[in-house]
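For the first sequence, position 52 matches number 66 in this note's numbering, and the numbering has no gaps at all. We put the beta carbon where it would ideally sit given N, CA and C, even for glycine. Predicted model only: the values in this text are computed from it and were never measured. Written out below as structure tokens is the structure these notes cover.
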Amino acid sequence: MNKGTIGSDEIKMSAVSNPTPGDDGHESAEASKLKADRLRKLAAFKEQGVNPYPYKYVRTHKAAQLQEQYKDLAAEVETEDVVQVCGRILNSRNSWMFIDLFDDSGKIQLFCHKQNLSEEKLAQLKLLDKGDYMGATGTIRRTKQGELSVKVTDWQILSKSLLPLPDSWEGFKDVEARYRHRYVDMIMNESVRDNLRKRSLIIRHMRNFLDQHDYLEVETPTLQVEAGGADARPFITHHNTLGLDLYLRIATELHLKRLIIGGMEKVYEIGRIFRNEGMSTRHNPEFTMLEMYCAYGDYNDLMTFTEKMLRTVAENTLGTADFHYQGQDISFAKPFRKLRMNDAIKEITGLDVATLKSFEEAKQAALGLGVKLDKQDSRGSVVNAIFEDKVEHTLIQPTFIIDYPVEISPLTKAHREHEGEVERFEMFVFGRELANGYSELTDPHDQRTRLEEQGRKKAAGDVEAMPLDLDFIMAMEYGMPPTMGIGIGIDRLVMLLTDSASIRDVIAFPTMKPLGKQNKE
RNA sequence: GCAUGAGUAGCUCAGCGGUAGAGCACGCGCCUCUUAAGCGCUUGGUCGAGAGUUCGAAUCUCUCCUCGUGCACCA
């Protein structure tokens, strides 16, 4: 078919074969009829020499711009100002006399009075459907009922919609359908668009903050021979030419540290991370993490920096650092609480884990508190299990929990004062981990020992233990400066600042199981 | 992976052993300063899929699929 040919190509139902939303591979008679009605109108446009899919439209104003510019215009007052607007039709009243046209800034009503339109354009209004895109030329007038409108003198169809949109009054609520057809969700639900806008703003403000502090944005490999830097199961893929299985990264940590070793003193990456784990309202298989590293600082400096960054990002995004999340007031404005993990456990349970000297003692104490243990294999991992079970969910306001057990922190520098602990913190808000940072381990011998321990776990069947990355050890052997580093879950931060209950509400296209296919395995 | 709830028209939902319903949307007609516009008429369904129980299944039972929520894993 020639590009731009109008009216010559025959319209076939099968040419546009996608079923309507609710797709199960079957198109009902009703769905077929609804689409056929629209295809008939599409054909009518073409028969009348109108291209229903034109190339461009020159607009003079966006909806919000007009609403602002003419906000003081009184009802039934008309101006001579000619404007051109365009957008998607979401509603019409009075037999297409009034059209609600939406662009990404908001709504402007079109007023299509028969006195102002040619007979042809008046008649063609009947070929429009809700969901179509159109552009309109006209003057500004506020109607008798007080609605600012473009009194249309001419209009063009900009795209014919073939599928019906959900009912505008009841909305689009079916959660599964919303995630599977996110474009429809975005058309119907402003909150989805708002969340994505805020997500963009949050990331922008984060970049601005880091850039202002002389951080360099970098990109590191997504495809890795060994997936290290975190405890998680990786996705596996295959490179044909190299004949090599590769892993999708589960963290950016080990490569960012190589950059520190290479002399880049402040680096960060905002990147997609892939973890082959369960899904929940807080977990998507692919998610976005900010990791940043800075030479010559320790975890105390890092907490100060993190707190300031989060406060600034919240203020710049929301206009305030105090907000509420799921009915709770959360303050990023007040100083974040900071307490040692041992003290946090003592505060909630009364148990002083410092008195537990062995794995066995820790295990007994944990069981005494009713903490369920399964794969814990060390004193430190038991202490962490107690913390996660008893304390984590109580940390509603932003809190730094500091000084973690060494056994669960293979990349962290030993604590300068406390035996068996490392200089690591995690930050919690609303009972959820938001960030994880530490004084980075820089001693190559210590690092090798720790990773060899991980290697033993891996060999023993722990699928989440870290692999021994020899090149990483070698890099560290060249000398790594004292360094602080942190990872912040961007999706979870966006959830907080948009008051979203599920991570899927802040991801444009969350991972879904496909329909109509049997899952192998 | 475990538990639990859900899946009925394009959308939102009712029906829960006895002929598959409503509102909105769609189509047709009336209506030209409306705001979920209004009025009238009409159309529209493998009741997620399959098997079973029953004279009879959207409804009861079983299996499967998908989604939500919680738990597990994890961030």
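Check: residue i C-beta below 6 Å from any heavy atom of the ligand SAM
i: Gln138; result: This structure simply doesn't include the ligand SAM, nor any ligand for that matter.
Helix, strand or coil at residue i according to DSSP, with G and I counted as helix
i: Gln83; result: helix
i: Ile517; result: helix
i: Asn239; result: First, the residue type needs correcting, since residue 239 is Val and not Asn in the sequence shown. Of the three classes helix, strand and coil, the one that applies to Val239 here is coil, per DSSP.
i: Ala191; result: helix
i: Glu41; result: coil
i: Lys47; result: helix
i: Ala347; result: coil
i: Lys427; result: coil
i: Tyr71; result: coil
i: Leu365; result: coil
i: Val436; result: strand
i: Leu324; result: helix
i: Phe186; result: coil
i: Leu529; result: coil
i: Lys76; result: coil
i: Arg354; result: strand
i: Leu370; result: coil
i: Phe337; result: strand
Residues near residue i by beta carbon distance below 6 Å, same chain, minus five either side
i: Asp403; result: Val385
i: Val206; result: Asp199 and Met200
i: Gly499; result: Tyr307 and Glu454
Nearest residue (CA-CA) to residue i, options the options
i: Gly451; options: Ala328, Met526, Leu465 and Asn314; result: Asn314
i: Phe100; options: Glu44, Pro248, Asp114 and Cys308; result: With the sequence shown as reference, residue 100 is identified as Cys, and Phe is not the correct amino acid for it. Residue Asp114 is the option with its Cα nearest to Cys100.
i: Cys308; options: Arg289, Ser453 and Leu177; result: Ser453
i: Met494; options: Gln238, Glu279 and Arg211; result: Glu279
i: Glu44; options: Ala489, Pro178, Lys212 and Pro419; result: Pro178
i: Leu260; options: Leu237, Gln461, Val72 and Glu300; result: Leu237
i: Gln81; options: Phe186, Ile362 and Ile122; result: Ile122
i: Arg213; options: Ile521, Thr525 and Lys527; result: Ile521
i: Ser372; options: Lys360, Tyr339, Pro419 and Phe350; result: Pro419
i: Val97; options: Gly152, Asp505 and Ser173; result: Gly152
i: Gly150; options: Glu437, Arg506, Thr167 and Gln411; result: In the sequence as presented, Gly is not what sits at residue 150; that position holds Ala. Among Glu437, Arg506, Thr167 and Gln411, the Cα nearest to that of Ala150 is on Thr167.
i: Leu465; options: Pro235, Leu124, Pro299 and Ile422; result: Ile422
i: Thr363; options: Leu383, Leu353, Thr369 and Ile344; result: Leu383
i: Ile88; options: His252, Gln159 and Ala347; result: At residue 88 the sequence reads Ala, which differs from the Ile that was named. Residue Gln159 is the option with its Cα nearest to Ala88.
i: His75; options: Met490, Val436, Pro299 and Ile154; result: Ile154
i: Ile487; options: Ile504, Ala479 and Asp460; result: Asp460
i: Gly285; options: Lys271, Thr266 and Ile275; result: Thr266
i: Asp208; options: Leu529, Asp519 and Pro528; result: Asp519
i: Ile171; options: Ala58, Pro299 and Ser42; result: Ala58
i: Lys165; options: Ala428, Met480, Glu90 and Thr320; result: Glu90
Span separating the alpha-carbon of residue i from that of residue j
i: Thr413; j: Ala244; result: 22 Å
i: Asp476; j: Phe401; result: 22 Å
i: Ala380; j: Val396; result: 7 Å
i: Met220; j: Val327; result: 6 Å
i: Lys140; j: Asp86; result: 33 Å
i: His338; j: Asn222; result: 24 Å
i: Tyr229; j: Tyr282; result: 7 Å
i: Leu409; j: Asp357; result: 13 Å
i: Glu184; j: Asn203; result: 11 Å
i: Ile287; j: Arg192; result: 24 Å
i: Arg351; j: Met317; result: 11 Å
i: Asp38; j: Ile103; result: With a pLDDT of only 43 at Asp38, under the threshold of 50, the placement of this residue in the model should not be trusted, and no figure is reported.
i: Pro524; j: Gly341; result: 25 Å
i: Pro35; j: Leu56; result: Because Pro35 sits at a pLDDT of 37, beneath the cut-off of 50, its placement in the model cannot be relied upon, and the point is left open.
i: Leu162; j: Glu291; result: 52 Å
i: Asn298; j: Phe125; result: 45 Å
i: Arg107; j: His127; result: 12 Å
i: Pro180; j: Asp188; result: 10 Å
i: Ile416; j: Phe442; result: 11 Å
i: Val239; j: Pro481; result: 10 Å
i: Glu467; j: Ser392; result: 12 Å
i: Thr320; j: Asp513; result: 21 Å
Beta-carbon proximity list for residue i, same chain, < 7 Å, skipping 5 on both sides
i: Thr295; result: Ala515, Ser516 and Ile517
i: Glu478; result: Asp245, Ala246 and Arg247
Cβ-based neighbour list, residue i, same chain, cut-off 8 Å, excluding 5 preceding and 5 following
i: Val232; result: Leu270, Leu273, Met278, Val281, Tyr282 and Glu283
i: Asn130; result: Gly152, Lys165, Val166 and Thr167
i: Asp505; result: Asn298, Phe301, Thr302, Ile517, Val520 and Ile521
Of all the beta strand (DSSP E) runs that stay within the bounds of the stretch 79-127, which reach a length of 3 or more residues?
-> 92-107, 112-117 and 120-125
Inside the stretch 204-256 only - beta strand (DSSP E) runs reaching at least 3 residues | 250-253
Output the residue ranges of the beta strand (DSSP E) runs that lie fully inside the stretch 440-509 and measure 3 residues or longer, sorted by chain position.
-> 446-453 and 497-503
Ranges of the alpha helix (DSSP H) found wholly within the stretch 372-415, counting only runs of at least 4 = 373-382 and 393-400
Any chance you could list the beta strand (DSSP E) runs of at least 3 consecutive residues sitting entirely within the stretch 128-181, in chain order?
-> 147-156 and 162-173
Considering only residues of the stretch 265-317, which uninterrupted alpha helix (DSSP H) runs meet the minimum length of 4 residues and lie entirely inside it, listed in chain order?
-> 267-275
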